[in-house]
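Take a look at the structure set out below.
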Amino acid sequence: MPFHDSERPIIIWFRDDLRLSDNPALNAAADSGRKIICIFVHDEESKGLRPLGGAARWWLHGALQEMNDALRGFGGRLYVHRGAASTLIPQLAADSNAAAVYWNRRYGAAERRVDEAVKTALKTQRIEARSFNGHLLYEPWSIKTKSGTPFRVFSAFWRAAHEAGEPGQPLGVPSRLNLFNGPCGQTSTTAVQLADLALEPSSPDWAGGLRSNWRRGEAGAQAQLELFLEEHLNEYADLRDFPDRSATSRLSPYLRFGNISPRQLWHAAEAAAHATNPALQRNLEKFQSELGWREFSYHLLYYNPEMGSENLQTRFDSMPWRTDAKALRAWQQGKTGYPLVDAGMRELWATGWMHNRVRMVVASFLVKHLLIDWRQGEAWFWDTLVDADPANNAASWQWVAGSGADAAPYFRVFNPVLQGEKFDPEGRYVKRWLPELTDVSPSVIHRPWQLGSKVEAYAGRIVEHDLARRRALDAFKGLG
Numbered sequence: 001m002p003f004h005d006s007e008r009p010i011i012i013w014f015r016d017d018l019r020l021s022d023n024p025a026l027n028a029a030a031d032s033g034r035k036i037i038c039i040f041v042h043d044e045e046s047k048g049l050r051p052l053g054g055a056a057r058w059w060l061h062g063a064l065q066e067m068n069d070a071l072r073g074f075g076g077r078l079y080v081h082r083g084a085a086s087t088l089i090p091q092l093a094a095d096s097n098a099a100a101v102y103w104n105r106r107y108g109a110a111e112r113r114v115d116e117a118v119k120t121a122l123k124t125q126r127i128e129a130r131s132f133n134g135h136l137l138y139e140p141w142s143i144k145t146k147s148g149t150p151f152r153v154f155s156a157f158w159r160a161a162h163e164a165g166e167p168g169q170p171l172g173v174p175s176r177l178n179l180f181n182g183p184c185g186q187t188s189t190t191a192v193q194l195a196d197l198a199l200e201p202s203s204p205d206w207a208g209g210l211r212s213n214w215r216r217g218e219a220g221a222q223a224q225l226e227l228f229l230e231e232h233l234n235e236y237a238d239l240r241d242f243p244d245r246s247a248t249s250r251l252s253p254y255l256r257f258g259n260i261s262p263r264q265l266w267h268a269a270e271a272a273a274h275a276t277n278p279a280l281q282r283n284l285e286k287f288q289s290e291l292g293w294r295e296f297s298y299h300l301l302y303y304n305p306e307m308g309s310e311n312l313q314t315r316f317d318s319m320p321w322r323t324d325a326k327a328l329r330a331w332q333q334g335k336t337g338y339p340l341v342d343a344g345m346r347e348l349w350a351t352g353w354m355h356n357r358v359r360m361v362v363a364s365f366l367v368k369h370l371l372i373d374w375r376q377g378e379a380w381f382w383d384t385l386v387d388a389d390p391a392n393n394a395a396s397w398q399w400v401a402g403s404g405a406d407a408a409p410y411f412r413v414f415n416p417v418l419q420g421e422k423f424d425p426e427g428r429y430v431k432r433w434l435p436e437l438t439d440v441s442p443s444v445i446h447r448p449w450q451l452g453s454k455v456e457a458y459a460g461r462i463v464e465h466d467l468a469r470r471r472a473l474d475a476f477k478g479l480g
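According to UniProt numbering, the sequence shown is numbered sequentially starting from 1.
Take a look at the structure:
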């Protein structure tokens, strides 16, 4: 691909930013006027990178497919490669005589090592390397305590973030994209078709429930955002904890894969709230605080790179976790005997997603009722969630376990019966996912064991709540 210097292209290296709007790396390349080569590298070879779980792989396939379709609308395409990005990106840059490689930053330790290796290699080739913030409202290092240290408490972190100023306005889709659409590394053994990555399941194809519940990609993200703003933002603060209501945003998988940016969500919610009713301020602030928890999770990940596998509070290293394969399997399959827990786990298996309130209940049940290591739960969520996020997933599991920063106190043991009675009082959510309880009265829907043999089709409790709570408190107290 011979180019004169002024014609040398810019490579955009797409990762967790699969969108055309508010994509700083793409906008910067468009502003240059140069040809743009759009590349995605499926990297399962670089040391330390965690392979995606099954549900996330399914989502990635759809997001990449939609991204390629969107680029074709501008006369280009997405070039897909498979291999170690640290060697592949510099090689593709050299082969295409690129003037620069642009990308949006990642914040995990292994990802940063790959990016640094790419940057170093490009520098030796005298190819410009530029990275941008396309994933967060605030860079992790930009929010610090007055003493210059990282935050460990969410409320203090979020106050400091507010003091740092309003997040910048999102960028639009570039009005003109001078996309390259010709042979680019296609003779390389790393060049593949999207189908070659085998991201979607085939034998067996277990993704039917996911397909019926989600529209992957940037267009799906925009449609979901519009639905949330029009129908649910005005009730978000009051109803988001009720799993039988559609009051949550369901935008988390789109954020995870960068089909939409947090800046887009922040400003779109502000515009909708102010345009409709000033009384919506409480709902707006609650929604924005959930974006804040995501920011805090990435702040923690950046400064605690082993957060997904190591306790943030080291005293939990001596926690006497139980090894109980039978109980773990019952939890995974939604057969614990506690309807709210089981409904959540079956919703997860069927749709790749679970309501946030129920996530807290099922996580607490695994860690405190069953005394099974939070890492077992984190791994299951990593494989089954379409929004499995390296920061949110680990931070939230450690919060529930009590081992994380700003964690729930060890003596907070969610009672799955009381949680069900409070947040699913009519049992509509439970009956949606546990058809064997369809005819059970709301008065006993969350304690079906009181009906004895009348609900034989439903599993009995694998542990009694009061016993489990005492056992958990004894174990946690022993940590000192």
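Glycine included, each C-beta is placed from N, C-alpha and C at the ideal position.
Given the structure is predicted, the values throughout are model-derived calculations rather than measurements.
Checklist entry - From P2 to A84, what distance separates their C-alpha atoms? => result Since pLDDT at P2 reaches only 42, below the 50 mark, its modelled position is unreliable, and the value read off the structure follows with that caveat. Computed Cα separation, rounded: 25 Å.
Item to check | Residue closest to V114, alpha-carbon to alpha-carbon, out of G48, T149 and N68 | outcome: Nearest of G48, T149 and N68 to V114, Cα basis: G48.
Item to check | C-alpha distance - L340 paired with Q288, whole-angstrom precision | outcome: Roughly 27 Å between the two C-alpha positions.
Checklist entry - Using CA coordinates, which residue listed in A156, H135 and A405 is at the minimum distance from K144? => result It is A156 whose Cα lies nearest to the Cα of K144.
Checklist entry - How close, in whole Å, do the beta carbons of P253 and A30 come, if the pair is a contact with beta carbons under 8 Å? => result No, P253 and A30 are not in contact; Cβ-Cβ is about 27 Å, not under 8 Å.
Checklist entry - Is it right to say T149 is buried, meaning 16 or more other beta carbons lie within 10 angstroms of its own, or is it exposed? => result By the C-beta density criterion, T149 is exposed, having fewer than 16 other C-beta atoms within 10 angstroms.
Checklist entry - By the 10 Å Cβ neighbour count, where 16 or more other Cβ atoms means buried, how is K146 classified, buried or exposed? => result An exposed status is given to K146, since fewer than 16 other beta-carbon atoms sit within 10 Å of its beta-carbon.
Checklist entry - Alpha carbon to alpha carbon, what distance is there between R130 and H4? => result Any answer about H4 is weak, because its pLDDT of 49 lies below 50 and its placement is not dependable; what the coordinates show is given next. Cα to Cα, the separation comes out at about 21 Å.
Next on the checklist: Beta-carbon within less than 7 Å of N304's beta-carbon, same chain only, minus the 5 sequence neighbours each way: which residues are those?
Outcome noted: By the criterion of a C-beta distance shorter than 7 Å, N304 is surrounded in its chain by L312, once the five residues flanking it on both sides are discounted.
Next on the checklist: I need the DSSP call for L122, collapsed to helix, strand or coil.
Outcome noted: The answer is helix: DSSP assigns L122 an H, G or I state.
Item to check | I36 - containing beta strand (DSSP E), residue span | outcome: It spans I36 to H42 - the beta strand (DSSP E) in which I36 sits, taken as one unbroken run.
Item to check | beta strand (DSSP E) segment containing S131, residue limits | outcome: Note, S131: beta strand (DSSP E), E128 to F132.
Checklist entry - Which residue or residues does DSSP assign as beta-bridge partners of A191? => result For A191, which the question treats as bridged, DSSP gives the partners H81.
Item to check | Closest Cα partner of K422 within the set I445, R412 and P435 | outcome: Checked all of I445, R412 and P435; the closest Cα to K422 is I445.
Checklist entry - Just to check, is the beta-carbon of A84 closer than 7 Å to a non-hydrogen atom of the ligand ATP? => result The ligand content of the structure shown is nil, which means the ligand ATP is not present either.
Next on the checklist: Comparing C-alpha positions only, which one of P390, W399, E426 and V362 sits nearest to P416?
Outcome noted: When each option's Cα is compared against that of P416, the closest is V362.
Next on the checklist: Looking at D373: is its Cβ nearer than 8 Å to the Cβ of W321?
Outcome noted: Yes, Cβ-Cβ distance for D373 and W321 is below 8 Å.
Checklist entry - Which one of I12, E295, P24 and L52 has the shortest CA to CA distance from K35? => result When C-alpha distances from K35 are compared across I12, E295, P24 and L52, the shortest belongs to I12.
Next on the checklist: For a test of the three-state rule: what should DSSP assign to residue 488, helix, strand or coil?
Outcome noted: With the chain represented from 1 up to 480, any question about residue 488 goes unanswered, as that position is not in the structure.
Checklist entry - Under three-state DSSP, which class holds W13? => result Here DSSP, grouped into helix, strand and coil, assigns W13 to strand.
Checklist entry - Where does E306 land, buried or exposed, given buried means 16+ other C-beta within 10 angstroms? => result Under the 10 Å beta carbon count, E306 is surrounded by fewer than 16 other beta carbons and is classified as exposed.
Item to check | Start and end residues, beta strand (DSSP E) containing W103 | outcome: Note, W103: beta strand (DSSP E), A100 to N104.
Next on the checklist: As an exercise, report each continuous alpha helix (DSSP H) stretch of at least 4 residues that is fully enclosed by the stretch 152-217, in chain order.
Outcome noted: Qualifying alpha helix (DSSP H) stretches, in chain order: 154-163 and 208-213.
Checklist entry - When you compare each of A379, E310, Y429 and R375 to G344 by their alpha carbons, which one comes out closest? => result Per the Cα distances, Y429.
Item to check | Of the residues W349, Q398 and L280, the one placed nearest R315, counting alpha carbons only | outcome: By alpha-carbon distance to R315, the top candidate from W349, Q398 and L280 is Q398.
Checklist entry - If you follow the alpha helix (DSSP H) that T384 is part of, which residue opens it and which one closes it? => result Where T384 is concerned, the enclosing alpha helix (DSSP H) stretches over W374 to T384.
Checklist entry - Relative to the alpha-carbon of L434, which residue among Q264, H267 and V455 has its alpha-carbon at the smallest distance? => result The shortest Cα separation from L434 among Q264, H267 and V455 belongs to V455.
Item to check | Anticipated Cβ contact below 8 Å, L233 with A269, distance rounded | outcome: That pair is a contact at about 6 Å.
Next on the checklist: Do G134 and A25 have their beta-carbon atoms positioned less than 8 Å apart in this structure?
Outcome noted: Yes, these two residues count as a Cβ contact at 8 Å.
Checklist entry - Are three or more beta carbon pairs between the stretch 393-412 and the stretch 215-227 nearer than 8 Å? => result Short answer: they don't touch.
Next on the checklist: Assuming contact is defined by CB atoms lying nearer than 8 Å, are L251 and A221 in contact in what I supplied?
Outcome noted: Their beta carbons are under 8 Å apart, which means L251 touches A221 by this criterion.
Checklist entry - How is E426 classed by DSSP in three states: helix, strand or coil? => result E426 falls in the coil class under three-state DSSP.
Next on the checklist: Looking at I127: is its Cβ nearer than 8 Å to the Cβ of A93?
Outcome noted: Yes, the Cβ-Cβ distance between I127 and A93 is below 8 Å.
Next on the checklist: Quick check on the DSSP output: the alpha helix (DSSP H) that includes residue 527 runs from which residue to which?
Outcome noted: One cannot answer for residue 527 here, as it falls past the ends of the chain, which runs 1 to 480.
Checklist entry - Taking just the CA atoms, how far does N97 sit from V192? => result Roughly 21 Å between the two C-alpha positions.
Item to check | Outcome for T248 when other beta-carbon atoms lying within 10 angstroms are tallied against a minimum of 16 | outcome: Here T248 is buried. Its C-beta has 16 or more other C-beta atoms within 10 Å.
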